[in-house]
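Chains as they are written, first to last, in our numbering: chain A, 6 to 498; chain B, 6 to 498; chain C, 6 to 498; chain D, 6 to 498. Where is the CB? At the ideal position from N, CA and C, for every residue including glycine.
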């Protein structure tokens, strides 16, 4: 076991609610693990990547990196990676040094205690045929097994990222690069979006079930690829289509070639992207996230209506749903909870005394709005329950007479193996408590989750498809790939 | 003329909309100038100030500072000031060095080209009777005149801040400190909230018309003072009441004493605090900001209804009003515009080419939401008109078929002399264009402003009071104090 | 009392010997307080100042600052100051913003516990007639008295630097600027070199006894001024002459005018400049420092010869003298002690355990060189004696059989009032111990100091002048100005 | 080809003389490439490494790193690496996180344009049997060949450091770890000092000819290893002996075991370590560097005596030799040249105009000392000749009437393959010019190099050994290992 000390000691890593201090409290929120962004054929590939990654920042606040290849200079690589937000990692000078017309970029979330610069992506390798850069979002379920096998035959690893596995598999093959990449993709099991760049090619791949989102766009004559479509709007590019499950796109001087490396499986896009992770202005599989969330709120109002004086949403992810609930019911939507937008990494944690006195760094209830009111509070999910209890209590302390919690997803009962950082099953409150027990634990007057069907209908999606093309394993335990006790759970990036 | 070079070159100072590059574009938004926060009688005064100032961060992102006085150590001052956000300026170590049970703190906005560490507040002086620290929000209209007079009698100034004026006036008086402070306050004309600290006293004062907000709270046995009440919720303090116009509060070992230094004048709280500056969870004069804004949206729906497919608000300040308009009309509120929450200072500006290609760093329209729709777009004000035109065009480019602009305030025609950074009158579009001309200029299908009466009624406030206790000079040219051509316009802090 | 928290916590501030940890140990070395550098009439005044201050860096490592005036822009001031070395404080971008053809610059030493950015010079003031910048080296003995007087008549102070006093005196005068400056200089007592700049003038002044060094040079048509001549060689300027005691040089568009503000007094240049502070390649009053130190070593060999196997000097200041001793005696000069050139501020202090085990951060004895040898060790002074004892012990632990200490100055018995940071008289070991007692305390086999006459002859200087033009007050208690119990001792800068 | 952008743009990388701007000028000095430091069995291994590496800082100023293994925690690795000086890279907090009783550390020089954080050592790998950390000083001559071979069999490389080669060779072996390491060491050809750490072992190896220095010391019960003995004095450790050519030391829980992996070859320690690289207080093969250099100066006085008024040495490396020359001849040693000790990385380069005017950032002649004097100037080597010409001219401009250059080494004619960064043979002035031609080119009145025999005798060393145990290939083209046209020349670290 080795452990790289991170450069800046993090004073406060709680990305969500203010009262949480211990690890359990801080991480009582699901955590997305990465975003990827690629460019092919634009003279300022690094500049586009900078703004594109900035639009994907919510998918990873810990590290950022860009690697360019310059087709005018034999595909020479230039790269820079660092800890922090996109705007913190790159200076103007550095960006200008990243010359090239092709690039892959990455933003990465931290997993507790594994914050390492050497894990920052894109990972860069030198192999037989030249340079290789890889950026990933997602997780390789069978990585431990492949890694062990590679180590036994003499491979060395320099990062704890499973992304290194794919580079080894490609380098060890005696086939041509594209064939080697295809075989490597066939060997791995999981949910992932891959951008792989060599001195003359850019490869783009999605796992056989399309678990992680990945879209293709155009900007003039150049192609762009992004974990979410919101980045296209930011850079002025046009959305073309989503990269399909099992597809392998190959871009080089001869243009774009679309192949498949896997047979057609059922599409199983991660449900939590719709519920929580993706930006509301992104579209996945043609469905706008804000609109889907608003429909979830409307559906909640239909399934488990509760009369109240006001509806409020937990910012930022549940605002759309709260407005949906309000529109459906006619109960006014109000700003009952507010988030301080300046809070972020490196915040000084309040002393024990100040915390006990009620210092709140991130989220506050708005007394004037909730005092004496019956409140419907919309949230996206309940993981361990600690966060929900705190928010309910914030509202009560601010004078709410009743707090009715409505959740825009079914109960979260099963861990994710495809790139979402979730606690073990035994820590997921819905896996061992009834809804009434949860209600008590979070101190709510009433509690309802969205039904499986209600959720699936709210998102919409391809009418006839199984689960409308979504993976609901965290709700229904029906995983689209084999998983077992020893499967890698934390993400590969 | 002297000019201190700022420590870090700012790459991007546009706080609002992404396409603006030139000075005019960047500053086509009114700019608040400061926030103040004070503590009296709490063992961790610096810690409270840190979280309190964090809650006031939106009032000033350029510099932050805290000065404590330690009553156990003869009132010894400890202070630290720096450029940047509260969380960037202070480290844990520094905060711990700021021992003391009394403190005043400050956050400050930059005015173009005058970004100076030596202007960072609180300003600290040594005078005859010991140490003096001053933190201000607002502007002293007659500062140039007093400054000239002081210079003629041999005073030297080390900052360009007019706050230095008050320290000179106090130091030059031969009276006791409180009397000297009263006389100094009587000598100055303007709109301001003052926190003044000596080794044994804390003075709190609001200008004779209460132009700038300032509230008093309690936390256990200690008193806290803040530009906005949202900071009280953050630190777990209880709101007591607003500091009244013309009041001077004196806190020392003998407790709190409330005096007046000015006769009772009409209250004239800045209208733009309700419309744009204050955080929606703050209350001013007992009126919640979010609720007031929602009523402005409702009133707009009544005064200038326009049917449409969706209502959207320009984030963040116009979301509440947009929801109000939607509730009043039944037209669904949608997320037609979205702001990237990670944008801030020190962002790399896109190249000319990328800008022309449409790179947007801050604000995007959500194509899927607005495409093919008739949109009512709610915004808070129109200053020069350039920003409004850009946002309208963003919506059109994303496919909106009609864009109807509704403004939650009357036309902004006159410059502010009380702490808001406004362009000259001749640059205020409403001062030289008719509404129809503005509509054309911003490329809207229709445009309406809230009426003066409609606005005043939306805010509410004390029924019989003139203008309901607000200063509307920017709309109606009726300034509560004398102003003339040579009056200082930019803020004192 | 107020205390500004310094921006970066200093991990290790010991500028000299490695074993010292407590305050007494760290400061068992005299500390120079400042260096000044001025330019008049060069298009890149800031650039010259940067390299000039870099050459004066040994006179002050804590903060650096440059203020320029641009005669093409009505004498507009541009300035930048920061904590750290010259090369750390200024970036290329900042330097380029400091346009102007006139400038004054400053480097400053820290005094314990008073490390403050607001004390960084040049200090900048705005007064009746425009801008005023002041940079000083030295100390104003009667500053407390003048400061009290100014405060009583209503002045406020923003720094703890006495340099502020001179600005107040000038601003309060009703005379023209030059007359006001002259009268201010007449009012103050002490040892100082002043650079004072307004929008149209540069004033250069030395105290009536010339206690602190200050030289004038030329570079093409421009004038340059520097605390030491080494800076002239660095920037390629030609040395003209030293600024004479009591002189006031006035530079403006009409050229250079030399006046006197004080009657002619005996010259009394600080002896410690020759012994310890100045760079060996500087000349003061026409005397090269390296050569003077070599003569001190030769004189020591004559006055108190001791046979030995090797001679070694305590780096850096005593190397020249050690070579002199070696040349005079024929005993080989050897590198018996070596200093790690990378040690500086912000070094991590070793743990108690490592210190006990003998970790040395700065100075080591060279075992192979000293083992089994009789060593003559040359040092420049003994302040408290703790440092000398440590170095003697370093040599013994490395195997020296005898250690004979020879000091290139007479015993240091009296505190300085003219800009050198010295401990109180009662802490100066030579003031309360005999030479034999000191020898025992520092664990030397023999100890000798240079005689007063021997020292004066070694330096040389103007034959007939009293003390050859030097202040020897620290040795003989004969202060050139009145001093009393309440005199300000620490430096003004 | 890939290129990692370095984090901070370097403003000035000239480590030596001030006038050089272009790459050739900046690099007209040989450059050592690395220093290594290891600890086995001390509870504060990281702390010792910090101070040890600090003592080796002159061997590498670009990056620093420490990896510890904690025997109480199954040998768990903790590591941190960064760009900059030791004191810049590590904070107290980070150092405390590096728990463990075993460690290897590294300081690294930059090679132009290849400044990469990912090359910072120790390199850390995960392989079949656990973790592996490697730190090297030196160069593997046949690395390109081995690398190609490894790539062809599927290996990927993540750094441009040849140190990665050794890790691959070990990981690919099917033998036990020690055997695998031995075989890997047998496979590589070159000059190197290796520290290799696993979770339970520390391996220490020197190449078969002992080209790079490496010494063993003891501190209580623990072992320490260092590129130079000066680090032992710094941490209070006792020197034991040099690691012998071809030795492999194995340290684990069962203690220290000394083996050989190569047959006994002639010892061939790099001559330039004695002449230029090593610190004067270090001993190599029992010979003190200062003393050896002094003897070189004495020998020069014997071989090529020139009468003069003063002798001066080019700081820092030639001071000892200049004193030797002075002692031998009776000509006084004087400080004719002085180096500014504050110059370092990140210095702002003077503008073209200032350079032409003679701004000197690093080295100055001391006019008062050299004016009107005949000067013997001692330097250590002449590479391209540009630097020597500049220094001669500095002395002439300062008024020297004659400048006689004496070099403490034979003419440098052949590139190094063992870890010293040298230009190509065709750029080495001594390879294509006669001594008289060089004299003219450097503008000296006379020029002499030390003879091969004179040099060898000055160093001393084992009487009967070939070349007294030194590699003189750079002078006599007699390389101790095979080298060919394609051999890797730049260092492996």
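Could you check how far apart the C-beta atoms of residue 384 of chain A and residue 415 of chain A are, in whole angstroms? I think they sit under 8 Å. About 13 Å; that fails the 8 Å criterion.
How would you call residue 339 of chain D, buried or exposed, if buried means at least 16 neighbouring beta carbons within 10 angstroms? The residue is buried, with at least 16 neighbouring Cβ atoms inside 10 Å.
Among B:307, B:266, B:183, whose alpha-carbon lies nearest the alpha-carbon of residue 4 of chain B? Absent from the structure is residue 4 of chain B, since the part of chain B shown begins at 6 and ends at 498.
Please determine if the region 120–129 of chain A and the region 100–111 of chain A are in contact, where contact requires at least 3 C-beta pairs separated by less than 8 Å. Here the region 120–129 of chain A lies against the region 100–111 of chain A, with 3 or more beta-carbon pairs under 8 Å apart.
Taking only beta-carbon atoms, is residue 109 of chain B less than 9 Å away from chain C? So no, residue 109 of chain B is outside the interface.
Where the region 310–333 of chain A meets chain D: residues whose CB sits under 7 Å from a CB there: Cβ contacts with chain D come from no residue of the region 310–333 of chain A.
Near-chain F residues of the region 267–291 of chain A (beta-carbon distance less than 8 Å), N- to C-terminal order: Included in the structure are the protein chains A, B, C and D, with no chain F among them.
Under a three-way DSSP split, which group does residue 94 of chain A fall into? If DSSP states are grouped into helix, strand and coil, residue 94 of chain A belongs with the helices.
Counting only beta-carbon separations shorter than 9 Å, does residue 72 of chain D have a partner in chain C? By this cut-off, residue 72 of chain D is not an interface position.
Kindly give me the distance between the Cβ atoms of residue 5 of chain B and residue 51 of chain B, rounded to whole angstroms, as I take these residues to be in contact under 8 Å. It is not possible to answer for residue 5 of chain B, since the shown part of chain B is limited to 6 through 498.
7 Å Cβ shell around residue 406 of chain B - same chain, five flanking residues per side excluded: For residue 406 of chain B, where only same-chain residues beyond five positions count, the Cβ hits under 7 Å are 377, 378, 379.
Mind listing the chain D neighbours of residue 238 of chain C? Cutoff is C-beta to C-beta under 8 Å, in chain order. Those are 365, 369, 370, 371, 372, 403, listed as they occur along chain D.
Out of D:206, D:172, D:179, which one is the CA nearest neighbour of residue 190 of chain D? Checking every option, the nearest Cα to that of residue 190 of chain D belongs to D:172.
Excluding the five sequence neighbours on either side, which residues of its own chain have a C-beta within less than 8 Å of the C-beta of residue 292 of chain B, listed in chain order? Around residue 292 of chain B: 279, 464, 465, 466.
Collapsed DSSP secondary structure at residue 77 of chain A in the structure displayed: Note: residue 77 of chain A maps to helix in three-state DSSP.
What is the residue span of the beta strand (DSSP E) that residue 317 of chain B lies within? Run containing residue 317 of chain B: 315–318, per the beta strand (DSSP E) assignment.
Just checking my contact of residue 446 of chain B with residue 395 of chain B at CB under 8 Å: how many whole Å lie between their CB atoms? Wrong, their Cβ atoms sit about 12 Å apart, outside the cutoff.
Jot down the residue ranges of each uninterrupted alpha helix (DSSP H) in the region 212–284 of chain B, minimum 4 residues, whole runs only, in chain order. Runs of the alpha helix (DSSP H) inside the region 212–284 of chain B: 235–240.
Count the other CB atoms within 10 Å of the CB of residue 483 of chain C; is the residue buried (16 or more) or exposed (fewer)? The residue is exposed, with fewer than 16 neighbouring Cβ atoms inside 10 Å.
Output the distance between the C-alpha atoms of residue 188 of chain A and residue 82 of chain D, rounded to the nearest integer angstrom. When the Cα atoms are used, residue 188 of chain A and residue 82 of chain D turn out to be separated by approximately 34 Å.
Assuming residue 479 of chain D is part of the beta strand (DSSP E), what are its boundary residues? No beta strand (DSSP E) holds residue 479 of chain D; the alpha helix (DSSP H) holding it covers 478–481.
Would you mind stating whether residue 141 of chain C and residue 41 of chain C have Cβ atoms separated by less than 9 Å? Yes, the pair counts as a contact, with Cβ atoms nearer than the cut-off.
Cβ-based contacts, 8 Å cut-off: residues of the region 335–346 of chain D near chain C: Across the region 335–346 of chain D, CB contacts with chain C closer than 8 Å involve 337, 338, 339, 340, 343, 345, 346, in sequence order along the chain.
Answer yes or no: does any C-beta atom of chain C fall closer than 9 Å to that of residue 91 of chain D? For residue 91 of chain D, at least one C-beta of chain C is nearer than 9 Å to its own C-beta.
How many angstroms separate the CA atom of residue 312 of chain B from the CA atom of residue 255 of chain B? CA-to-CA, the gap between residue 312 of chain B and residue 255 of chain B works out to about 55 Å.
Would residue 132 of chain B pass as an interface residue toward chain C - the criterion being a Cβ-Cβ separation below 9 Å? Yes, residue 132 of chain B lies at the interface with chain C (some Cβ there is under 9 Å from its Cβ).
Cβ-based neighbour list, residue 264 of chain A, same chain, cut-off 6 Å, excluding 5 preceding and 5 following: The residues 253, in chain order, have a CB closer than 6 Å to that of residue 264 of chain A in the same chain once the five nearest residues on each side in sequence are set aside.
Give the list of continuous alpha helix (DSSP H) stretches no shorter than 4 residues that lie fully inside the region 403–469 of chain A. DSSP runs (the alpha helix (DSSP H)) wholly in the region 403–469 of chain A: 434–437, 440–446, 457–464.
Give me the Cβ distance between residue 71 of chain B and residue 122 of chain B, rounded to the nearest whole Å; I'm assuming they're in contact under 8 Å. Not quite, the Cβ-Cβ distance comes to about 15 Å (not below 8 Å), so this is no contact.
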